[in-house]
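Colleague:
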Amino acid sequence: MHNWLCIRQWCFSRAFDPPAHSKVQMTAAQWRLALEGRYYRFPYDHAAPQSSIDEIARLPPLPNHEKEPGAQPEAMRGHKAKLLKQRSRMRTTDRIDVAVVLNVHGGFVPYDARAVCPSWGTRHVTREVVEGAQDLWAEVVWELSVVSFRLEFLHADRALAPTHYTVEDDILLREQLVTDIWLNNEEDAMLLRPNWEEQTPCDGLVHRDWQRRRHSVTGMVRVLASWPDSGHLYVPQENCTQSDFEHAEEIAIRFYATAYRRKFGRLPTFPLQCPASLYATKI
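If you count the sequence shown from 1, position 258 lands on 258 in our numbering, and the numbers rise without skipping.
#1: So does the segment 92 to 101 actually touch the segment 42 to 60, counting three or more Cβ pairs closer than 8 Å?
#2: For residue 46, does the three-state DSSP call read helix, strand or coil?
#3: Quick one: any contact between the segment 29 to 43 and the segment 130 to 143, if contact means 3 or more CB pairs under 8 Å?
#4: Residues in the same chain with beta-carbon distance under 6 Å from residue 206, minus the five sequence neighbours each way, listed in chain order, please.
#5: Do residue 268 and residue 286 count as a contact pair if the criterion is CB distance below 9 Å?
#6: In the structure shown, what three-state DSSP assignment does residue 189 receive?
#7: Rank 209, 227, 229 by C-alpha distance to the C-alpha of residue 243 and give the top, closest one.
#8: Do the CB positions of residue 248 and residue 224 come within less than 9 Å of each other?
#9: How is residue 31 classed by DSSP in three states: helix, strand or coil?
#10: Secondary structure at residue 247, three-state DSSP: helix, strand or coil?
#11: Assign residue 53 to one of two classes, buried (16 or more other C-beta atoms within 10 Å of its C-beta) or exposed (fewer than that).
#12: Does the distance from the CB of residue 153 to the CB of residue 178 come in under 9 Å?
#13: Determine whether the beta carbon atoms of residue 227 and residue 106 lie at a separation below 9 Å.
#14: For residue 215, which option in 233, 229, 237 has the closest C-alpha, if you only look at C-alpha atoms?
#15: Taking the straight line between their C-alpha atoms, what separation do you get for residue 250 and residue 127?
#16: Can you give the beta carbon distance from residue 1 to residue 137, rounded, assuming they're within the 8 Å contact cut?
#17: Using the three-state DSSP reduction, which class does residue 88 fall into: helix, strand or coil?
#18: For residue 79, which beta-bridge partners are listed by DSSP?
#19: Over the uninterrupted alpha helix (DSSP H) stretch that includes residue 8, give me the two end residues.
#20: Find the nearest neighbour of residue 55 within the set 104, 88, 14, judged by alpha-carbon distance.
#21: Would you call the CB atoms of residue 302 and residue 111 closer than 9 Å?
#22: Would you tell me roughly how many angstroms separate the C-alpha atoms of residue 168 and residue 159, rounded to the nearest one?
#23: Which value, in whole angstroms, describes the spacing of the CA atoms of residue 59 and residue 102?
#24: Exposed or buried, which one is residue 150 when buried takes at least 16 other CB atoms within 10 Å?
What follows is the structure, encoded as structure tokens:
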């Protein structure tokens with residue numbers, strides 16, 4: 001996690017404003033390599049990275065004390081050995097491409113815990129602090145859950161309501177309608193990342209008070225109403241009871257999860273409630 005705090009802001013900016021020439025999404029295995037931080041020019045004779053030869057040449061050379069990952073003994077034979085070597089080549093391919101993204105394009109040197117002290121809010125975080133700070137882990141996971149939900153929801157809306165994304169003016173209106181789900185006041189100018197450094201974190205979709213969730217859930221239903229097979233959704237009325245509201249809320253959330261899984265083959269990420277440790281710093 002310590003290295004995530006180093007690369008976090010750059011990764012967010014790349015996700016929010018992706019470069020036209022490069023893929024932003026990575027697999028879980030690629031993210032593990034990114035967080036590992038070994039952004040070196042590993043030997044790749046039997047791999048096929050997507051990065052160009054010039055890009056790979058700009059990577060720092062593998063230090064003598066660094067062991068080449070995934071190397072397999074030449075004496076290995078048989079089907080199992082073939083699978084292991086194939087996986088090793090794929091991992092080397094990923095390792096090179098991830099290193100190019102983070103080092104060549106991101107400007108990050110290979111991770112060295114002794115040389116970096118990233119910040120989290122007003123805190124400067126050493127590797128030793130990370131090891132024992134459960135509250136910090138909870139806060140980082142919370143932020144990731146919120147950002148992931150917002151990015152996934154926008155991505156799903158573009159895929160399932162494409163008619164709203166054909167004309168530039170319509171796109172702006174639609175994105176405003178979507179982001180209004182989690183923007184609960186005019187001061188909150190952070191469209192995709194919660195502005196917890198400056199103000200009390202509050203995501204209306206997961207607020208403990210059902211009346212404080214009303215704005216966000218209503219906005220979510222209005223967006224989902226444009227998706228296929230959404231005719232059974234309904235907007236909670238202003239004078240509805242708590243049970244009526246929670247019934248409409250459950251229907252909307254189940255519909256979103258089902259539609260997302262049908263489209264992308266997995267369940268979506270949902271935002272977590274803000275940890276008490278983070279909320280306590282703002283009151």
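Here a beta-carbon is modelled for each residue, glycine too, at the ideal position from N, C-alpha and C.
Modeller: A quick look at the data gives this:
#1: Cβ pair count under 8 Å is three or more, so yes.
#2: In this structure, residue 46 counts as coil in the three-state DSSP scheme.
#3: They do not touch, by the three-pair rule.
#4: These residues qualify, in order along the chain: 271, 273.
#5: No answer is possible for residue 286: the residues shown for the chain start at 1 and end at 283.
#6: Any answer about residue 189 is weak, because its pLDDT of 46 lies below 50 and its placement is not dependable; what the coordinates show is given next. Residue state, collapsed to three classes: coil.
#7: Of the listed residues, the one whose Cα sits closest to residue 243 is 209.
#8: No; because the gap between Cβ atoms is not below 9 Å, this pair is not in contact.
#9: Note: residue 31 maps to helix in three-state DSSP.
#10: Here residue 247 carries a helix assignment [DSSP, helix/strand/coil].
#11: Flag for residue 53 reads exposed.
#12: Going by C-beta atoms, residue 153 is nearer than 9 Å to residue 178.
#13: No, the Cβ-Cβ distance between residue 227 and residue 106 is not below 9 Å.
#14: The shortest C-alpha separation from residue 215 is found at 237.
#15: For residue 250 and residue 127, the distance between alpha carbons rounds to 41 Å.
#16: With 8 Å as the limit, residue 1 and residue 137 qualify as a contact, their Cβ atoms being about 7 Å apart.
#17: In the three-state scheme derived from DSSP, where H, G and I count as helix and E and B as strand, residue 88 is classed as helix.
#18: Note: residue 79 sits in no beta bridge, so no partner.
#19: Segment 2 to 16, the alpha helix (DSSP H) holding residue 8.
#20: Residue 55 has its Cα closest to that of 104, out of 104, 88, 14.
#21: Nothing can be reported for residue 302: it is not among the residues displayed for the chain, which extend from 1 to 283.
#22: Rounded to the nearest angstrom, the two C-alpha atoms are 16 Å apart.
#23: Across the structure, residue 59 and residue 102 are spaced so that their CA atoms are roughly 10 Å apart.
#24: By the neighbour-count rule (16 or more Cβ atoms within 10 Å), residue 150 is buried.
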